[in-house]
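Mapping of the sequence shown onto the working numbering: position 161 corresponds to residue 168, and the numbering continues sequentially without gaps.
Just so it is clear, CB atoms sit at the ideal spot from N, CA and C, and this is done for glycine as well.
Source: prediction; values computed, not measured.
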Amino acid sequence: MSKYRNRLTHSRFVIAPLDVVKIRLQLQIHSPTANFTHNGPLYRGIFPTMRKIIAQEGIAGLWKGNIPAEALYLAYGASQFLTYQQTHLMITKSGWEVPESVKSFIAGATAGGLATTATYPLDLLRTRFAAQGQEKVYQSIKHSVRHIIENEGAYGFFRGLGAGVIQIVPHMGLFFMNYEFARQYLSTVQQLPSGWSDAIAGSFAATVAKTGVFPLDLIRKRLQVQGPTRQKYVHRNIPIYAGIFSTARDILSAEGLRGLYKGLFVSLVKAAPLSAVTMWTFERSLKGLTWLEEKKIVL
């Protein structure tokens, strides 16, 4: 199991720069058709954004927020898959006559909602560290936690949680529903090497689910950087946002529909391979545990 956990950690480290680029693009308040007082770097595209970050903040700038992101990824994955398996098993044992796709949707939505709530403070810290430029808002994880508690209270760790839960419930429901559908279809393709159906199905499911709920992900990011440090991040012109619907309305009014999809492409580039690795590892882990159980081997 530690081998699989290490593989997940390594994959997260590799795609961390894409995460920073996505967050920077999502927080960028810029539109060619609106008048904005632009205060901060102007990012366009994945590689130009990376080059600008390296030039201004050094190579380490591409890994800002990676420590809370690593912790988030491991904790979220563990709680998500455990809840998914248990919920799916509970529905099966209940005797309800529901299609497998509906079981997967319900189990995925439940798992996503609970895992998001449990690990949300780590998600918020990841966003805030990735959003800070040359001027550090937080000096360390310890400093960030202390600063948020002193200046924002416990609520500060859960800014944007509503958008996160509303986003993740349909996202994970769609993800697991499409994953199971694609995996069953690909299992009939004889030419695929062992394990490839899980990886391809994971990539496909991630692309569909991520695109469907992306505006809520962007809204969540903008709500996460609200508070007393709002104007200290690399983008210093982030407006004051109050809630999910008012934030969506303000973005549509000021930046147009495209404003709700800033960073979508890099998000898909990041999510598809990461989900492929995650689902491949998940299926291999299940098979490994099943083998141990059959052999009556106690860990």
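Three-state secondary structure (DSSP) of residue i
| i | result |
| --- | --- |
| I53 | helix |
| H37 | coil |
| K100 | helix |
| Y145 | coil |
| G167 | coil |
| K110 | helix |
| Q139 | coil |
| V21 | helix |
| G65 | coil |
| P128 | helix |
| L79 | helix |
| V305 | Any reading at V305 must be qualified, since the residue scores a pLDDT of 48, below 50, and its modelled position is unreliable; no value is offered. |
| K7 | It is not possible to answer for residue 7, since the shown part of the chain is limited to 8 through 306. |
| P48 | coil |
Contact check, residue i vs residue j, beta carbons under 8 angstroms
| i | j | result |
| --- | --- | --- |
| I30 | A116 | no |
| R237 | T254 | no |
| G266 | R227 | no |
| A122 | Y83 | yes |
| S79 | D130 | For the record, residue 79 in the displayed sequence is Leu; it is not Ser. Taking 8 angstroms as the Cβ cut-off, L79 and D130 qualify as a contacting pair. |
| F221 | N185 | no |
| A206 | L181 | no |
| I175 | P75 | no |
| T134 | V232 | yes |
| L223 | I173 | yes |
| T94 | A114 | yes |
| P310 | E159 | Since the first and last residues shown for the chain are 8 and 306, residue 310 lies out of range. |
| G47 | H242 | yes |
| E142 | K269 | no |
| P200 | F164 | no |
| A278 | A213 | yes |
| Q33 | L275 | no |
Distance cut-off 7 angstroms: residue i Cβ against heavy atoms of the ligand FMN
| i | result |
| --- | --- |
| L193 | The ligand FMN is not part of this structure, which contains no ligands at all. |
Query - Segments assigned alpha helix (DSSP H), at least 4 residues, entirely inside the stretch 227–291 - result: 251–262
Query raised in the report: Hey, which unbroken runs of the beta strand (DSSP E) at 3 residues or more fall wholly within the stretch 194–224?
Result: none
Query - Validate contact between the stretch 135–152 and the stretch 185–199 using beta carbons, cut 8 angstroms, 3 pairs - result: no
Query raised in the report: Are there three or more Cβ pairs, one per stretch, closer than 8 angstroms when the stretch 59–75 is compared with the stretch 103–110?
Result: no
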